[in-house]
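What follows is a set of notes on a single structure, which appears directly below.
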Amino acid sequence: METKKTRNTEKQNLVKDILSNTEHTMSAEDIMAAMPIKVNKTTIYRILDRFAEKGEVHFVTGKNGKAYYALCNNCGVSHNIHNHIHFECQRCKEVTCQPNTLHIPNLEGFTIQETQFLVIGICNKCK
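In the UniProt record's numbering, the protein residues as written are 1 to 127.
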């Protein structure tokens, strides 16, 4: 028996499609603007939060304080501990995931709950 897709599932699939078809991270506003159907920002944030909880997306906070989201590809065992760099271009404002892997130190007496690595500069396209 085929189950009927709910509108929310359709919206979730659209968000995944949008994120999978970009080479850089996207803010909730960017995703909302790319949606082929009308979706409010609160719904986009709920979908992104749900995806983050499941380990399907990760985010980094940009210099402007906005969260930028990307689909997870081999994010590791602990979803909140990302060991790669994000690069934010000062000119085009794109935030991209970089392939560089970083070692997360074990800090004695502390429990690490989340990591974010943001490097800011000028990307190759904008040089």
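Backbone N, C-alpha and C define an ideal beta-carbon position, used for all residues, glycine too.
Please work out which residues of its chain come closer than 7 Å, Cβ to Cβ, to residue 32, disregarding the five sequence neighbours upstream and downstream, and give them in chain order.
As a first step, residue 32 is located in the sequence shown; it is residue number 32 there, counting from the start. Contacts found: 39, 41 and 44.
To the nearest angstrom, how far is the alpha carbon of residue 27 from that of residue 19?
Within the sequence shown, numbered from 1, the residue matching residue 27 stands at position 27. Within the sequence shown, numbered from 1, the residue matching residue 19 stands at position 19. Their Cα atoms are separated by approximately 10 Å.
Helix, strand or coil at residue 26 according to DSSP, with G and I counted as helix
Position 26 of the sequence shown, counting from 1, holds the residue named residue 26. DSSP places residue 26 in strand when its eight states are reduced to three.
May I ask you to report which of helix, strand or coil DSSP gives residue 51?
Taking the first residue of the sequence shown as position 1, residue 51 is located at position 51. Per DSSP, reduced to three states, the secondary structure at residue 51 is helical.
At what residues does the beta strand (DSSP E) containing residue 58 begin and finish?
Taking the sequence shown and counting its residues from 1, the one referred to as residue 58 is at position 58. Start and end: 57 to 61.
Using a Cβ distance threshold of 8 Å, determine whether the region 50 to 68 contacts the region 87 to 99, with at least three qualifying pairs required.
Put simply, the region 50 to 68 touches the region 87 to 99. At least three CB pairs are less than 8 Å apart.
Less than 9 Å between the C-beta atoms of residue 92 and residue 125, yes or no?
Counted from its first residue, the sequence shown places residue 92 at position 92. Counted from its first residue, the sequence shown places residue 125 at position 125. The beta carbons of residue 92 and residue 125 sit closer together than 9 Å.
Which of helix, strand or coil DSSP assigns to residue 213:
Nothing in the structure corresponds to residue 213, since the chain is present only between 1 and 127.
Output needed for residue 68: all residues of its chain with C-beta closer than 7 Å, excluding positions within five of it in sequence on either side, in chain order.
Position 68 of the sequence shown holds residue 68. Counting only residues of its own chain and dropping the five nearest sequence neighbours on each side, residue 68 has a CB closer than 7 Å to the CB of 25, 26, 27, 59, 60, 62 and 95.
Cα separation between residue 46 and residue 22?
Looking up residue 46 in the sequence shown gives position 46. Looking up residue 22 in the sequence shown gives position 22. Within the model, the alpha-carbon separation for residue 46 versus residue 22 is close to 20 Å.
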